[in-house]
Amino acid sequence: MNGAILRHVWRLQRTKLAIVSTALIIWGFLLPVIYARFGSQFTALVESGLFPEQFARVGGGDVFSLAGSIALGFIHPIGIILTSVFAVGFSASAVAGERQRGTLEVALARPISRRVLYLSLLAASFGFIAICIAALLAGSVSGATFAGVVKELAFRNLPLLWLNSVLLFGALAAIALAASVSFDRLTPALGLTLGIVIAMYVLEVLGSLWPAAEVLQPYSLFHYLKAKAILTGFAAPFDVVVLSSVILLAMVWALVVFPRRDLAAPS
Amino acid sequence: MNAIETVGLTKYYGHRSGLVGSLLKRVRASTSPPIRALESLDIAVREGEVFGFLGPNGSGKSTTIRLLLGFLHPTAGRGRVLGLDTTRDSVPIRRRVGYLPSGIALYDTLTGEQLLDYLGELSGRPASRRAELCERLELSAHTLKRLVRDYSRGMRQKVGIVQALQHDPELAILDEPTEGLDPLMQRAFYEILDTLKAAGRTIFFSSHVLSEVERVCDRVAIVREGRLVALEETAGLLARRKRNIMMRFTGPPPRLEDVSGITNVEHGDGYVTCRVEGSVRPFLAAIADAAVVDLTIEPARLEEAFLEFYDEAKST
């Protein structure tokens, strides 16, 4: 890794990181408050049979418990989109975007190997994701405290939830960065990554809404973040293994492909 | 030791190696044959010289530079920069080289100073020449505090020159370095090159502005369609090239058709035009007895020499 690259990336992204983190804090804050204010009404609605229970339990989250509402914050599209600003947006553009703009060759004209550049950018991605997830958790804890339900929260489980979430979005970032080093232009790198993320999200949500489609869920990386289970003390180490394996595979791809690629003059 | 040496350096785009590459190649072979960007280039740039690398757009200049810096992998042949292999040792090479790409792209959201600091830090060597370069190129401290996105094209080029040379590299690879500079700044840039040359630095200078190559380069290589067309001393190239002569006379015209080195003889009303290649002595001897009233010999321009090479290469 290269300290100069990390500092440079931090300088370029810090404003965006501050905005996204603030948005995640607000988003994390809202869900425990919604649970505290309307959880019982939602429970009554589901028990009345007005709408199927699956609709209130999307992706392992729900609004019937504090753990469920915090979990919903992680799997809800708003939380995913905000975190993906860095997991997908930053990572996919980190190499392909610079290549398209022509700034990559100015950096690579220095004594920096492509592997060092890649590892520095991956480390930066993980750093940004770690901060985003911490912001989401901080917002959730603040919301629970504000709503007076914080005593329902087992704080000892939060580090594992943070780690598992960082690994999930880190896996998406590793895929995005692998795509980024494989293309000369941003559009295909970003398009491919977004396609993968959306397809995996659809598989996960489909499986949670439709029992017959549950068989598809293991093919989605989102399936390997069970936030509610972690918060209630039922963490699955296998999830961490799967996500770590995906990160490793994407890293191997990038570390093999990037140094061997021809970097022709930007068009 | 040569600062740059290439032997049979070849680059085809679309050429792939390895299992996946071979399969892709078979699939694509029928529709898109590889593009021959560079074909068996043999050049040797001596340490301490200013070497001009000339050629029209698409002739292989940038491909050569990118091969030397390790951005591209050669299809065949090899290159050495400062005694190091361009494929195996590209990182150590880049530690000792300064590079100015053609039409340089810079980080727009940084100030000029932040940009130079960042690139200097990546170089891993102190920016010992920055102050001197900024002074010569009239980049004030106030200017460097402004965001790069507010810079004009000329200012960007100046920052590009500073980032390439601020760490005092042993070899500077400059691709179209005077692009966007006004005549005053071009002159300042030539003075910088003179200083670098006096300090024993090697400069690899790619350009299609022939007059500046003629002014600053010791030797010139000309490439066309990926092939080396000529490599000679600039002075030799200029001396060898044909000069245009026009003379006015009274009385019968001198007979020039059989004189050594004279070609393209044309007779007009009271004047003769011709071209002289090499020594002018036979020509002067031939006109010694003629009643010449006016004589014009156009100075040798590299541009014409280049065009001649270009035409010759085209016809062969």
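In order, the protein sequence lines correspond to chains L and E.
According to the working numbering, the first sequence is numbered sequentially starting from 1.
According to the working numbering, the second sequence is numbered sequentially starting from 1001.
Positions of the beta carbon are idealized from the N, C-alpha and C atoms, including for glycine.
Would residue i count as contacting chain L if we go by Cβ distances under 8 Å?
i: E/T1006; result: no
i: E/S1059; result: no
i: E/H1073; result: yes
i: E/A1076; result: no
i: E/R1095; result: yes
i: E/S1123; result: yes
i: E/A1221; result: no
i: E/Y1012; result: no
i: E/Y987; result: Chain E is shown only over 1001 to 1316; residue 987 of chain E falls outside these bounds and no answer can be derived.
i: E/A1105; result: yes
i: E/V1162; result: no
i: E/P1034; result: no
i: E/P1254; result: no
i: E/V1091; result: yes
i: E/Y1151; result: no
i: E/V1216; result: no
i: E/R1066; result: yes
Under 8 Å, do residue i and residue j count as touching if we go by C-beta distance?
i: E/R1146; j: E/T1111; result: yes
i: L/G28; j: L/G170; result: no
i: L/K228; j: L/G39; result: no
i: L/V252; j: L/Y224; result: no
i: E/Q1157; j: E/G1120; result: no
i: E/I1173; j: E/Y1118; result: no
i: E/L1237; j: E/V1220; result: yes
i: L/G233; j: L/N164; result: no
i: E/T1250; j: E/A1291; result: yes
i: E/T1075; j: E/T1006; result: no
i: E/L1171; j: E/R1066; result: no
i: L/I25; j: L/A94; result: no
i: E/L1068; j: E/G1060; result: no
i: L/A254; j: L/V149; result: no
i: L/A176; j: L/V246; result: no
i: L/L109; j: E/S1062; result: Just to set this straight, residue 109 of chain L is Ala in the shown sequence, not Leu. Taking 8 Å as the Cβ cut-off, L/A109 and E/S1062 do not qualify as a contacting pair.
When you compare the CB of residue i with every CB in chain E, is at least one pair closer than 8 Å?
i: L/H8; result: yes
i: L/T187; result: no
i: L/V106; result: yes
i: L/L12; result: yes
i: L/S221; result: Checking the sequence shown, residue 221 of chain L turns out to be Leu, not Ser. Not closer than 8 Å to any Cβ of chain E, the Cβ of L/L221 fails to qualify, so no.
i: L/A178; result: no
i: L/I19; result: no
i: L/L121; result: no
i: L/I131; result: no
i: L/I34; result: no
Please identify the residue among the options whose C-alpha is closest to the C-alpha of residue i.
i: L/S125; options: L/T145, L/A92, L/R114, L/G28; result: L/A92
i: E/S1260; options: E/F1283, E/M1155, E/V1148; result: E/F1283
i: L/L72; options: L/S208, L/T22, L/V256; result: L/S208
i: L/Q13; options: L/F90, L/P259, L/L82, L/I247; result: L/F90
i: L/L66; options: L/F146, L/F258, L/L192; result: L/F146
i: E/S1123; options: L/A107, L/F128, L/S120; result: L/A107
i: L/E105; options: E/I1262, E/R1094, E/V1216; result: E/R1094
i: E/P1126; options: E/Q1166, E/E1138, E/L1231, E/D1150; result: E/Q1166
i: E/G1083; options: E/L1196, E/A1044, E/Y1190, E/A1235; result: E/A1044
i: E/E1233; options: E/N1244, E/V1216, E/G1103; result: E/V1216
i: E/G1058; options: E/D1269, E/S1211, E/R1036; result: E/R1036
i: E/L1106; options: E/F1189, E/T1143, E/V1148, E/T1087; result: E/V1148
i: L/V46; options: L/V33, L/R7, L/L231, L/V63; result: L/V63
Rounding to the nearest angstrom, what Cα-Cα distance links residue i and residue j in this structure?
i: E/N1002; j: E/E1135; result: 32 Å
i: L/Y219; j: L/L203; result: 7 Å
i: E/E1277; j: E/V1209; result: 24 Å
i: E/G1018; j: E/F1053; result: Only weak support exists for where E/G1018 lies, its pLDDT of 48 falling under 50; the coordinates are left without a value.
i: L/L122; j: L/L167; result: 12 Å
i: L/A130; j: E/G1077; result: 47 Å
i: E/R1275; j: E/E1225; result: 28 Å
i: E/I1222; j: L/R11; result: 43 Å
i: L/V141; j: L/A154; result: 11 Å
i: E/R1255; j: E/A1239; result: 24 Å
i: L/V205; j: L/L248; result: 26 Å
i: E/S1211; j: E/Q1186; result: 12 Å
i: E/P1253; j: E/V1293; result: 12 Å
Check the C-beta distance from residue i over to residue j and give it rounded, since I have them as a contact under 8 Å.
i: E/L1133; j: E/I1161; result: 7 Å
i: E/R1129; j: E/D1168; result: 5 Å
i: L/S21; j: L/C132; result: 6 Å
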